[in-house]
Amino acid sequence: MESAQLIAWCRQEAQRRGWVEFPVDYLEQITAEQARQIVAALRRDTLMRLPEWEIAFFEWLREVDPPVWHDLWGDSSQQPYIVGISFLLPLLQDRLRGFPICDLVSVSNYYFTPAHITPNEGVALLEAIHTAGREGKPLTLAQEFLLEVSRGAIDIWHFAYYRQVDVAAVKEAVADLVQAQALLHFRSAEELAEYVTLE
Numbered sequence: 162m163e164s165a166q167l168i169a170w171c172r173q174e175a176q177r178r179g180w181v182e183f184p185v186d187y188l189e190q191i192t193a194e195q196a197r198q199i200v201a202a203l204r205r206d207t208l209m210r211l212p213e214w215e216i217a218f219f220e221w222l223r224e225v226d227p228p229v230w231h232d233l234w235g236d237s238s239q240q241p242y243i244v245g246i247s248f249l250l251p252l253l254q255d256r257l258r259g260f261p262i263c264d265l266v267s268v269s270n271y272y273f274t275p276a277h278i279t280p281n282e283g284v285a286l287l288e289a290i291h292t293a294g295r296e297g298k299p300l301t302l303a304q305e306f307l308l309e310v311s312r313g314a315i316d317i318w319h320f321a322y323y324r325q326v327d328v329a330a331v332k333e334a335v336a337d338l339v340q341a342q343a344l345l346h347f348r349s350a351e352e353l354a355e356y357v358t359l360e
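Going by the numbering used here, 263 is the number at position 102 of the sequence shown; the sequence numbering is gapless.
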């Protein structure tokens, strides 16, 4: 489908439902450029429902870490999983990273970007991780997490879900990295705000 048709369809959907709900086949065909055009064309207050794969992640989160799920969705006056359409591009670009969990208020945030890797200990550890990878050596969970952070912004819950590891174990890995001065951990949404982008 061409961009103009997609934009027209999105406007009709938003008017009819109150939000845009993309069919899976649309999501599989929309290019990054089309996603940018959709976001630019629609008003900033246009809403969309999260893709099914991201809803499956949040249903898992509701089970394994209820306080985080309730911080995100529990006080909503509308049904959960409705977000601003400006999240379309990051949701399509990388399922591992998904909808960024970075503005929790009642519990601590565990959202990290490459900028949180410290210039000395963090970079040195990252170099050691790359060397270990080239040599075929197994990595610890902390090393795997730091490597993933170096590739792009991610929260611990998406990492745990897609790696099928325990959330508590990832929190321990983060604590180890912070203690080793390899990773900065900003727990409040206010501290994280400057690190959050949708591109």
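Every residue gets a Cβ at the ideal spot worked out from N, C-alpha and C, and that includes glycine. All values reported here derive from a predicted model rather than from experimental measurement.
Can you tell which of 188, 191, 209 has its C-alpha closest to the C-alpha of residue 176? Here residue 176 is taken as the residue at index 15 of the sequence shown, counted from 1. That would be 209, whose Cα lies nearest to the Cα of residue 176.
If you run the structure through DSSP and keep just helix, strand and coil, what is residue 337? Numbered from its first residue, the sequence shown carries residue 337 at position 176. Of the three classes helix, strand and coil, the one that applies to residue 337 here is helix, per DSSP.
Using the rule of at least 16 other Cβ atoms within 10 Å of the residue's Cβ for burial, across every protein chain shown, is residue 230 buried or exposed? Locating residue 230 in the sequence shown gives position 69, counting from the first residue. Flag for residue 230 reads buried.
Assign residue 300 to one of three DSSP states: helix, strand, or coil. Stepping through the sequence shown from its first residue, residue 300 is reached at position 139. Three-state result, residue 300: coil.
Assuming residue 200 and residue 247 make a contact with CB atoms under 8 angstroms, what is their CB distance in whole Å? Position 39 of the sequence shown, counted from the first residue, corresponds to residue 200. Position 86 of the sequence shown, counted from the first residue, corresponds to residue 247. Confirmed, about 5 angstroms.
Alpha carbon to alpha carbon, how far is residue 267 from residue 357? Numbered from its first residue, the sequence shown carries residue 267 at position 106. Numbered from its first residue, the sequence shown carries residue 357 at position 196. Using only the alpha carbons, I get a separation of about 19 angstroms.
With a threshold of 16 other CB atoms inside 10 Å of the CB of residue 261, please say whether the residue is buried or exposed. Counting from one through the sequence shown, the residue named residue 261 turns up at place 100. Residue 261 comes out buried.
Nonlocal neighbours in the same chain, by C-beta distance under 6 angstroms from residue 304, ignoring five residues either side: Here residue 304 is taken as the residue at index 143 of the sequence shown, counted from 1. Scanning its chain for C-beta atoms nearer than 6 angstroms, with the 5 sequence neighbours on each side dropped, one finds around residue 304 the residues 290, in chain order.
For residue 264, collect the residues of the same chain with a Cβ closer than 6 angstroms to its Cβ; drop the 5 residues on either side in sequence, then sort them by chain order. As a position in the sequence shown, residue 264 is number 103, starting the count at 1. Answer for residue 264: 350, listed in chain order.
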